[in-house]
Amino acid sequence: QQQVKQSPQSLIVQKGGIPIINCAYENTAFDYFPWYQQFPGKGPALLIAIRPDVSEKKEGRFTISFNKSAKQFSLHIMDSQPGDSATYFCAAKVVHFGNEKLTFGTGTRLTIIP
Amino acid sequence: DAGVIQSPRHEVTEMGQEVTLRCKPISGHNSLFWYRQTMMRGLELLIYFNNNVPIDDSGMPEDRFSAKMPNASFSTLKIQPSEPRDSAVYFCASSFIGSGNTIYFGEGSWLTVV
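Written out as structure tokens, the structure is:
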């Protein structure tokens, strides 16, 4: 059962454009929504995260928009650069029997072309 | 600071052989996760430990897979016997519950079963 649905699967954007990656969830018990960035041959690394009590969070060129009523959240990358080319995963955390469990989306392969 | 350390980084083995993947979490972390990454299924949580105790192994695909965490600084994921469909990247990750929910990933063990 896919608890976090992510789209698109792949995305090609010209340098300077604003790629947008979307995620949707069903479980209202999720209380923390991080985004991870993964470069080839490396493990995923935390990029930015948001809690459901805020609608937007910005860190540098990266912004998360969160719509609690729609159970959707998205990542926007401002002034995208070729170095942003990577796979991006959204995720959602729930407390499970007193322990924290993170569920990932299926990933978006982003390519920024010069 | 040393991150999550995994070994081996790459392994090629023949079908039917036993495979053991190793992980050293970040010192002081009390949660450890094993994930599997494939093109088809993305990042799947196999099992996670809290304070060395297995909490949820519902993601372990079948009895051929087993994981142990004998102490706070070491964990293993074993596949016996291995099959070609086990070919994937296996990630170990660790976190400290209550630290802000950041999960840190290792660089992965790339397994090919021929």
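For the record, the sequence lines run as chains A and B.
Per the numbering used here, the very first residue in the first sequence carries number 1; after that it's consecutive.
Per the numbering used here, the very first residue in the second sequence carries number 1; after that it's consecutive.
C-beta atoms are modelled at their ideal positions from N, C-alpha and C, and glycine is treated no differently.
Against chain A, the CB of residue 74/B has no partner CB under 8 Å away; the residue lies outside that interface. Under the Cβ distance rule, residue 105/B counts among the residues neighbouring chain A, one pair being separated by less than 8 Å. The stretch 11–28 of chain B makes no contact with the stretch 34–50 of chain A; the number of CB pairs closer than 8 Å stays below 3. Contact annotation: residue 4/A and residue 104/A have beta-carbon atoms nearer than 8 Å. Straight-line spacing of the CA atoms in residue 35/B and residue 90/B works out to 6 Å. Residue 65/B sits buried, since 16 or more C-beta atoms from the chains shown fall within 10 Å of its C-beta.
Looking from the CA of residue 92/B, the closest CA among 73/B, 80/B and 41/B belongs to 73/B. Between residue 101/A and residue 39/A, the alpha-carbon positions lie close to 23 Å from each other.
With a minimum length of 3 residues, the unbroken runs of beta strand (DSSP E) contained wholly in the stretch 18–48 of chain B fall at 19–24 and 31–38. At least one C-beta of chain A is nearer than 8 Å to the C-beta of residue 31/B. Judged by their CB atoms, residue 23/A and residue 37/A are not nearer to each other than the 8 Å cut-off. By a beta-carbon distance limit of 8 Å, residue 74/A contacts residue 20/A. Their separation comes to about 6 Å.
Residue 45/A belongs to the set of residues whose beta carbon lies under 8 Å from a beta carbon in chain B. Taking 8 Å as the CB threshold, residue 97/B lines the interface with chain A.
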